[in-house]
Ligand code: KIV
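Residue numbers (our numbering): 15 to 279.
Right under this line is the structure:
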């Protein structure tokens, strides 16, 4: 797709229903991101997510996909200790989570882990720039790669990821001109999030693009829907009808023969 100039659409999903909708909508790649720690579990960061949780959500998502490619994030401390640890845990995400690829954060520091997985036949997506598992080292979720020295470090990280054998790389929250340079320099596709329009593809968290949380609107997110007010109105209507005794109505009720009045089934 990179060489054909066709943009790659990646999106996160964490369960069967969302995966099925994103697959049907034409997403090329679905990512079970460790962002699930924040958007599914309600935690302040991604650091407490476990390998078992990633594998569980991976299985749920895999059942909803019929064509999109499935990548699962390796959670914090599942690959940083050694290349052997990385390979063992990547293997678990393939076997237990049904991953077709794993994603891990870091450039030069993660190159050995990436190489070990790739040599064992597990495709790897790299991730540089703002790597959320290092949030405490960064002092918050801040744009990375501003200034020449920081930009050079990210360039070196991205080249190390490519050299280690990753088949694509996520660039998160870096200046657009740096992302454009990386996209030109690398032979593997770049997937941007807060990295401008020149990347080979884009990724967004499904909850963000759908507007699940009206209070969360970082600059790099475009809300393609506002589902929070729709869900709120539906939930309020349901509660009101239950309280008023108007739901369920006759058409939602079985007769003695186990038939639905409305459909005759
Ligand atoms: O965890 C995640 O969802 C991610 C994407 C935002 C790239 O890593």
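All residues carry an ideal CB built from backbone N, CA and C; glycine is no exception.
Predicted model, so just to flag it, every value in this text is computed and none were measured.
Per DSSP, residue 138 is one residue of the beta strand (DSSP E) stretching across 138-143.
About 5 Å separates the CB atoms of residue 186 and residue 207; that is less than 8 Å, so the two are in contact. When the beta-carbon positions are compared, residue 220 and residue 43 stay at least 8 Å from each other. If you draw a straight line from the Cα of residue 231 to the Cα of residue 269, it comes to about 48 Å. In this chain, the alpha helix (DSSP H) harbouring residue 222 covers 220-224. With a cutoff of 8 Å on beta-carbon distance, residue 192 and residue 204 are scored as not near each other. Listed as beta-bridge partners of residue 216 by DSSP are 23 and 206. Burial state of residue 245 is exposed, judged by a 10 Å Cβ sphere holding fewer than 16 other Cβ atoms. The nearest non-hydrogen atom of the ligand KIV is less than 7 Å from the C-beta of residue 207. Residue 266 sits exposed, since fewer than 16 C-beta atoms from the chains shown fall within 10 Å of its C-beta. Annotated three-state conformation of residue 115 is strand, per DSSP. Rounded to whole angstroms, residue 251 and residue 258 show a C-alpha spacing of 10 Å. Here the alpha carbon of residue 213 sits roughly 6 Å from the alpha carbon of residue 194.
In the three-state DSSP reduction, residue 128 falls in the helix class (H, G or I).
Residue pairing from DSSP places residue 44 in a beta bridge opposite 25 and 84. Between residue 237 and residue 225, the alpha-carbon positions lie close to 6 Å from each other. Per DSSP, reduced to three states, the secondary structure at residue 188 is coil, with no helix or strand assignment. At least one heavy atom of the ligand KIV lies less than 7 Å from the C-beta of residue 47. Annotation: residue 97 to residue 55 spans about 29 Å, alpha carbon to alpha carbon. Each residue's CA atom was taken as its position, placing residue 22 and residue 182 some 11 Å apart.
The three-state secondary structure of residue 268, taken from DSSP, is strand.
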